[in-house]
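For the sequence shown, numbering that gives the first Met the number 0 gives the first residue as 0, with consecutive numbering after it. This report concerns only the one structure given below.
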Amino acid sequence: MRKIDILLVEDEKALAFLVKESLEEKGFEVLHAHDGQEALDLFYQHEFYLILLDIAMPKVNGLKVLSIIRSTHPEIPILMLTARVKSEDAVKALTLGANDYIRKPFNFEELLARINRNLKTHRQTNETSNKLTFSSFTLDKTNFTLIHKSGVQKLTYKEVELLAFFIININNVIEKEMFFYQVWGNDELFVSRTLDVFVSRLRKYLKVEPSIEIQNIRGIGYRMVVN
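Structure follows, in structure tokens:
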């Protein structure tokens, strides 16, 4: 899937138009979401290098959007845009995982500098973040392989995405709805049985390591446990 540079989440139409147009003039590709729910839908349909996220958003609050995205994508830079001036708002956003906090009104050149700084850091660490280690396995997301001392297993794109999602949520219960958004990108063709089939494949690949178990949490979802 080709990555898009920036997801802009802003409900103020005039400001959103100005920021989007200015960024596009600098060569960035930008998708604009008008509310929090649209932001989540777009995020799970595409891949982005960076997110500009307003806090006071209709439908789903910006802090809630931040929390949801951070639970599945700890690496993506998220810059908060807000008219709020209280320091506790900044503290809360940064505590939830925001990389930066920019108060309105802001100077575009300052915003651009912060975007470029965060993108540079993200791209420098991207190669490392594409290798995830758990128990005695290493998942190489770039080469679509699962590496173990017993051998190397080639994976499909969906298998990589599903296993990576389990790894970053290790020992935590994941609701089936989250797989729908995160791995299948809100695909209307996704059904629960599809998930079950892919989980069965992962169990087969992981069975050489008895300390790892993918548990079926009836009526809720799955949990990968490493003992």
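Even glycine gets a Cβ: it sits at the ideal position worked out from N, Cα and C. From a predicted model like this one, the values you see are computed outputs, not experimental measurements.
For this session: From the DSSP output, in three-state form, read off Leu41 for me.
Result: The residue given as residue 41 occupies position 42 in the sequence shown. Three-state DSSP puts Leu41 in a helix.
Exercise. Using CA coordinates, which residue listed in Ser135, Ala82, Leu49, Phe179 is at the minimum distance from Phe105?
Worked result: In the sequence shown, residue 105 corresponds to position 106, counting from 1. Considering only alpha carbons, the answer is Ala82.
For this session: Quick one: residues in its chain with C-beta nearer than 7 Å to the C-beta of Val198, no 5 flanking neighbours on either side, listed in chain order?
Result: As a first step, residue 198 is located in the sequence shown; it is residue number 199 there, counting from the start. Ile213, Tyr221, listed in sequence order.
For this session: Run the CB neighbour count on Gln44, radius 10 Å, all protein chains shown included, and call it buried at 16 or more, exposed below.
Result: Within the sequence shown, the letter at position 45 stands for residue 44. Classification of Gln44: exposed, given that the 10 Å Cβ count is below 16.
Exercise. In the structure shown, what three-state DSSP assignment does Arg192 receive?
Worked result: Here residue 192 is taken as the residue at index 193 of the sequence shown, counted from 1. Arg192 falls in the helix class under three-state DSSP.
For this session: Pull up the distance between the alpha-carbon of Val196 and that of Glu87, whole angstroms please.
Result: Here residue 196 is taken as the residue at index 197 of the sequence shown, counted from 1. Here residue 87 is taken as the residue at index 88 of the sequence shown, counted from 1. Each residue's Cα considered, the two are about 45 Å apart.
Problem set entry | Residue from Leu39, Gly26, Ile211, Gln181 with nearest C-alpha to Glu9 | Indexing the sequence shown from 1 puts residue 9 at position 10. Comparing Cα positions, the closest option is Leu39.
Exercise. Helix or strand or just coil, what does DSSP make of Ala89?
Worked result: Along the sequence shown, one-based indexing puts residue 89 at 90. DSSP places Ala89 in helix when its eight states are reduced to three.
Exercise. Does the region 61–73 come close enough to the region 13–30 that 3 or more CB-CB pairs lie under 8 Å?
Worked result: no
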